[in-house]
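When the letters of the sequence shown are read in order and numbered with the UniProt record's numbering, they come out as residues 1 to 487.
Note that the Cβ used here is the ideal one computed from N, Cα and C, for glycine as well.
Accompanying notes for the structure given below.
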Amino acid sequence: MTHTDWKALAATLGPPTRHHVDGGELFLSGRTYPVISPRDESVLAEVADAGQEDVDRAVAAARRAFDHGPWPRLDPLERGGVLLRLAELVETHRCELALLISLEMGKPISDAFGIELRAVVDTLRYYGSLVGRPAGEIPQAGADALALVTREPIGVVAAIVPWNFPLTLGTWKIAPALAAGCTVVLRPSEQTPLSALRLAELASEAGVPPGVLNVVTGQGKLAGTALGLHPDVDVVAFTGSTEVGRHYLRYSADSNLKRVWLELGGKSPNIVFPDAPSLDTAAATAAWGIFFNSGEMCTAPSRLLVHTSVAERVVSAVVERARSLRIGDPLDPATEMGPIATARQFATISTYLSDPEGARLRTGGLSPGGLYLEPTVFDQVAPASRLSREEIFGPVLSVLTFDTTDEAVALANDTDYGLAAGLWTSDLSTAHLVGRQLKAGTVWINCYEEGGLDVPFGGYKQSGNGRDKSLHALEKYTELKTTWIRL
C-alpha cells in the first residue's frame with residue numbers, strides 16, 4: 001500500500017472507545033480522555049477513563065468466568081483452537097490493527113504491519129499449538145503409593161503493558177495465560193488503548209467466552225493501582241519501568257500476595273571487539289538496534305562499547321547510518337523512524353540532550369518539529385554519567401571505549417539493569433567466556449535482537465523477574481499441585 005492508501009484507510013477507522021468487559025462494552029465512570037497521535041498531535045478519539053467501579057466490574061467478570069465458566073474446563077485443544085482462530089482474524093485485520101498502532105504511538109507503518117503484527121499472529125499461533133503443555137509428572141513414590149504432579153491454571157491475570165509494542169507485549173501475556181486456562185484483565189497504556197480494544201473485539205469473534213478477556217482503559221495510575229491491589233487478581237504480569245514495577249511488588253504485599261511477574265527497563269551494552277567478523281555489520285546492527293522504533297525499546301543497545309583501536313571506524317559508520325535515516329510521517333511506507341510516542345517522553349529525552357555532561361555530540365540532538373527527533377550519537381561518554389547509566393528510551397546512543405576484555409565486561413555489567421547484551425568477536429573462547437560473564441537475560445553474539453518464541457525473554461537484576469515467551473511463560477500462569485494416592 002502507498003502513503004496515500006494508508007492515509008485514506010486511516011480516515012475510515014472507527015475503533016472502539018469503551019472498556020471491553022464480559023464480552024461487551026462498559027462505561028461506568030462517565031469520564032473520557034483524549035488519545036493524542038504523535039504523528040501530528042491531533043486527537044484520535046475520546047476513550048473511556050476507568051474508575052474503580054469499572055475495574056471492579058472487569059475483575060468480577062474475569063473471576064466469574066474462571067470460577068464458573070467453561071474456559072478453564074475446556075479441553076486444551078479447544079482452547080488452542082480459539083487462539084488459532086484469533087490468529088487468523090488478526091491476520092485478516094492486519095492492516096487495520098497496524099494502522100491503529102501507527103496512529104497511536106508513531107511506529108512506522110511498515111514496522112507495525114511487517115514486524116509487530118507478524119509477531120502478534122506468530123505468538124497466538126505458537127500458544128494455540130502449545131496447549132496441553134507442560135505435561136504432568138509421575139515421580140517414583142514407592143511400591144504402595146502413587147504421586148501425581150499436575151499444573152492447573154492460576155486464576156485471574158492482570159496484564160499491564162506499555163505503548164512501545166502494544167499488541168506484541170500484550171499477546172506475550174494474553175496468549176500463554178489464555179492457553180493455560182486463565183482469565184485476563186488487560187490494562188493497555190493510556191497512549192495505545194484503541195488497538196487493544198479492537199483485539200478484544202476480535203477475540204470475542206474468535207470464540208473467547210465473555211469475561212475471559214477484558215480490557216480496561218484509562219489514564220494515570222488508577223486502573224493499574226486498582227488491579228495491583230485487587231484481592232480477586234491472582235497474578236500481575238507487568239511490562240514497563242523499574243520504578244512502576246516496584247509499586248506492583250508493594251501492591252502484592254499490601255493485598256493478597258498475588259504473583260507478580262515483571263519485565264522492566266534496560267541499559268543494554270553492545271560490545272564490539274576488534275576481531276568482530278565484520279565491523280561494518282556490527283556498526284549497521286548497532287545503528288538499527290538503537291534507532292528502530294525511535295529507540296523506544298527496553299532491549300535497545302543504548303551503550304555501544306567499542307575497542308579503542310576500532311572505535312572511530314565503528315562510530316563513523318553508525319553516524320553515517322544515523323544521518324541517512326528517513327524521519328517522517330509514520331503512515332509513509334518509506335519512513336524509517338517516526339515520532340517519539342508522547343510529549344512527555346519527548347521532554348524526558350530532551351533533558352539528556354541538553355546536558356550531556358561532557359560527552360561529544362557526533363550527530364543529531366535536534367528536532368525537525370513536532371514530536372520528531374533526529375537519531376543522536378554521543379561519544380566520549382563518561383561511565384558515571386546519566387547518558388551511560390539511565391534508560392533514556394529514545395534514539396540516543398552512548399559510546400564508550402575499552403582497551404581490555406576485563407574492562408569491557410566491567411563496563412557492560414556496571415548498570416542496575418540486566419535485560420540484554422550483545423558482543424561481536426570471531427574468537428569462540430572470547431564469545432563463550434565473555435557471554436558467561438555478562439549479567440543479562442539474553443546475550444546476542446555477532447547479532448542483536450534475534451530470538452524466536454520458543455526461547456524465554458526476561459532480565460537479571462532490576463530488569464525484572466519471570467520470563468515471557470516459550471514454555472516458561474506458560475508455566476508462570478499455572479499452579480503446581482502434588483496428589484498422593486495410597487495403593
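- Judged by beta-carbon spacing, G458 lies beyond the 7 Å limit of P210, meaning their Cβ atoms are not closer than that value.
- As a beta-bridge residue in DSSP terms, W424 pairs with V272.
- Nearest to E91 by C-alpha distance, out of G69, M105 and A119, is A119.
- Three or more beta-carbon pairs separated by less than 8 Å link the segment 367 to 375 to the segment 336 to 353, which places the two stretches in contact.
- Short of 7 Å from the beta carbon of A226, and not among the five residues preceding or following it, lie these beta carbons of its own chain, in chain order: Q52 and V55.
- Rounded to whole angstroms, the gap between the alpha carbons of A440 and R486 is 45 Å.
- When the beta-carbon positions are compared, P356 and S309 stay at least 7 Å from each other.
- Going by beta carbons, V47 and T217 fall inside the 7 Å limit.
- Rounded to the nearest whole angstrom, the C-alpha separation of D280 and V212 is 49 Å.
- For H472, the uninterrupted alpha helix (DSSP H) run begins and ends at S470 to E475, by DSSP.
- Look at V90 here: in three-state DSSP terms it is helix.
- Contact annotation: V233 and V156 have beta-carbon atoms nearer than 7 Å.
- Counting the other Cβ atoms within 10 Å of the Cβ of I101 gives 16 or more, which makes it buried.
- DSSP places T183 within a strand segment (E or B) once states are collapsed to three.
- According to DSSP, residue pairing for V236 in a beta bridge involves A158 and V260.
- With distances taken between CA atoms, A87 lies nearest to V121 out of D67, S110 and V121.
- Within the segment 341 to 370, complete beta strand (DSSP E) segments of at least 3 residues are found at 360 to 363, given in chain order.
- Sequence-distant Cβ neighbours of E391 in its own chain, meaning closer than 6 Å and more than five residues away, are G265 and K267.
- Following the DSSP letters along the chain, one finds L387 inside the alpha helix (DSSP H) bounded by residues R386 to R389.
- Rounded to the nearest whole angstrom, the C-alpha separation of T482 and E190 is 41 Å.
- Counted as a single uninterrupted DSSP element, the stretch harbouring E243 is not any beta strand (DSSP E) but the alpha helix (DSSP H) occupying residues T242 to D254.
- In this chain, H307 is not harboured by any alpha helix (DSSP H); it is covered by the beta strand (DSSP E) spanning R303 to H307.
- With a contact defined as Cβ atoms closer than 8 Å, G224 and I154 miss out at about 20 Å.
- Note that the C-beta distance between T239 and T171 is not below 7 Å.
- Excluding the 5 residues flanking it on each side, T17 has same chain C-beta neighbours closer than 6 Å at A45 and V47, in chain order.
- Scanning the segment 11 to 43 from its first residue to its last, no whole alpha helix (DSSP H) run of 4-plus residues comes out.
- For the pair T168 and A206, the Cα-to-Cα distance works out to about 18 Å.
- Taking all protein chains in view, the Cβ of E243 is surrounded by fewer than 16 other Cβ atoms within 10 Å, so the residue is classified as exposed.
- The Cβ atoms of A179 and V131 sit closer than 7 Å to each other.
- Per DSSP, the unbroken alpha helix (DSSP H) holding A226 starts and ends at L222 to L229.
- When C-beta atoms of the segment 409 to 423 are compared with those of the segment 439 to 455, three or more pairs fall below 8 Å, so the two segments count as touching.
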